[in-house]
Every structure is written in structure tokens, then in C-alpha cells.
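Written out below as C-alpha cells is the structure these notes cover.
Residue numbers (our numbering): 40 to 400.
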């Protein structure tokens, strides 16, 4: 058993420790905290960076912030494409230079839009956001679709061979021919998902949530790029698609989508409410005092820039239509050379028989 003296010593020691702890707490509570080494601005707290001034050529290309999703994807896709082209040339096969130029332009557009100052301004200003949106969803996918990446991959990648497990070439073939791809690449479905995405994101109540989060901003970029590529792959893509439609049908689908693109820009220009007002007012860019005016400028950008890619698409579609007719004509000439123009002779015989029947009483 513990004697009384030991208990007394323990009690005195605990009392002294408690008194010291209380005194230290009171002292620390009255002492002001040390001044922070750096206080972030409101822009840095919300965006993670500070914008130096108004949107301009110098500020856009003087700032760089590597995008880990589309910036990295554009670099990887460009490298894989160039590897495929070099592989074909080493093997003695040719690949159209125009396809390579289109693909390089598309990858460069995606990289510059997301990893330069453009990607930074897109998060803070609606008008800048709409410029980047039009490039990612309307212009870059046109270039990528005209690059023919799936055709290049099918020609450059080796086949698995009978009895072997599937390799990337077989995965691409399965991707092109599966029922989901057949459904998504129907021109009507591709047009609806492409056009409806604009209205759902901006006027469906999702824009402020997406714009105020970094992941939401990246989601919009990825969504617009994929939906745009899917649409233009169906309309003008040089790759084989699960569904084949005549150039006339694709042209009519394209013309049918034009009013919806134009109306989207006009609706933005006349929309009375500021989209994501809480987010943009919280950032408080001093050179944009009127958020509604910035939104109207963004609507004008959507209206004007949306027509440029569609004009390029119409020119490309007309050229593809002409090339298809020329191939059919050359195929007919070769067939005529092989069978001594039997089809034309049969047609002339039919006309002669019809004329002979008309002359009979």
C-alpha cells in the first residue's frame, strides 16, 4: 500500500503541472499570432493563380499552366500518330501528308487552348471561356476527324493472328463495329448529343457548378472535345464508321444543325441572367466590371466562331462528295474496259426495242 507521504507528493506534483499548463495556455492566448509570410489574393484563393491583366495576345501566350488531362492527352496522341506515320514509311507504305497536317493542327489547338494562358482565362471570364469552348468543341475536332487516326492505327498496328489474344488493333475494330458505336455514330444521334450538350450545360442549371470547380472545368473541356469529334467523325471523318451514309444525307444533317448553333449564340447574347454570377463576381476581375456584357460578348463569339468551322466542314464535305463521284466514274470506266461496255450496249438495246415498239401500229 502507498503511504500518505507518497500520495501527498503525487498530488502536489499534479497540481504544479496543471497550474503550469493553465498559465502557458493563458500566455499563448494573449500572444498575437505571427504574421503570415504571404497572403493569397482572392483570385489565387479561388483559381489557384493570379491573372496579370486583361485578355490579350501577350497575356495568353505569356502564361503557361500544363493541363494534366487534355494537355497531356494531346502530347501523347500527337506522339503516337507521328510514330504510326514513321512506321508506315519505314515499311514502304505511304500516308497522306494532308491527314498528318490536320492531326498536328488539332493536337496543337487542344494543347494551346488548355495549357496556355487561354486555359487560365477560361476559368475566370465567360467571354474567354467561350473562345476556348468554340476551339475545343468546334474547330479542333474538325482537324482531328480529318486526320484519320483510326485508319492509321489499323494500318500501322500488327494483327493478333488466329488463336492469339486480342491486341490494340482488334480493340479498335471492336470499337468501330460494336452496337453502341453504331448507335452513337448515327448522324441524327451524333447531332443531337453535340447540339443538346450546349443547351444542357449552359441553360440546364449545371454551368455554375461546373465552372466553379477545377474538375468541372476539365469535365466540360473533355465533354465538348469528345462530342465534337464524334459529330465530325460522322459528318466528314476519313475513318471508317459503323454506319455509311451518302454525302447528300450527311450534308442535309449538317445544314439541319446550323440553326441550332446560331440560335445558341443569339440566346446567350440576349439572356437576361448572368450565368455563374456567384463564381465570376467572387473572382472580381477589375477589368470586367459588367458580367452581363462579358456574357453577351461570349454569345457573339459563339455565334461568329461557330460558323467558321461549319464552313470548313461544308467545303470538306463537298470535296469528299466530288472525290466519291470521281471514284465511281473511274470504277465504271474500268468495268466498261473489262466487259467491252456491256452495260451501255444493253441500255442502248433497250432503248432501241422501246423505239421499235413505239413505231409499230
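Backbone N, C-alpha and C define an ideal beta-carbon position, used for all residues, glycine too.
Computed from a predicted model, the values in this text were never measured in an experiment.
Check	Outcome
Coarse secondary structure for residue 134, derived from DSSP in three states	coil
First through last residue of the alpha helix (DSSP H) which encompasses residue 309	286-309
Helix, strand or coil at residue 251 [DSSP, three-state]	coil
Validate contact between the segment 158-169 and the segment 208-220 using beta carbons, cut 8 angstroms, 3 pairs	no
Proximity to residue 271 [Cα-Cα], best of 61, 90, 348	348
Spatial neighbours of residue 336 in its chain, beta-carbon cut-off 6 angstroms, leaving aside the 5 residues before and after	166
Meets three-Cβ-pair contact criterion under 8 angstroms: the segment 141-150 and the segment 222-236	no
Residue(s) in a DSSP beta bridge with residue 103	155
Neighbourhood of residue 113 by C-beta distance below 6 angstroms, restricted to the same chain and skipping five residues each side	146, 149, 150
Three-way DSSP call (helix, strand, coil) for residue 277 in this model	coil
Nearest to residue 158 (by Cα), restricted to the options 201, 123, 102, 177	102
Extent of the continuous alpha helix (DSSP H) run through residue 201	Segment: none, residue 201 is in no alpha helix (DSSP H) and carries neither H nor E.
At least 3 beta-carbon pairs within less than 8 angstroms: the segment 301-313 vs the segment 324-341	yes
Residue 113 - containing alpha helix (DSSP H), residue span	109-129
Secondary structure of residue 92, DSSP reduced to three states	coil
Local conformation of residue 142 per DSSP, three classes	helix
Cβ-based burial, residue 188 [other Cβ within 10 Å; buried from 16]	buried
Test item: CB-CB of residue 109 and residue 260 under 7 angstroms	yes
Beta carbon of residue 181 nearer than 7 angstroms to that of residue 327	no
Euclidean distance between Cα positions of residue 136 and residue 186	10 angstroms
For residue 260, three-class secondary structure by DSSP	helix
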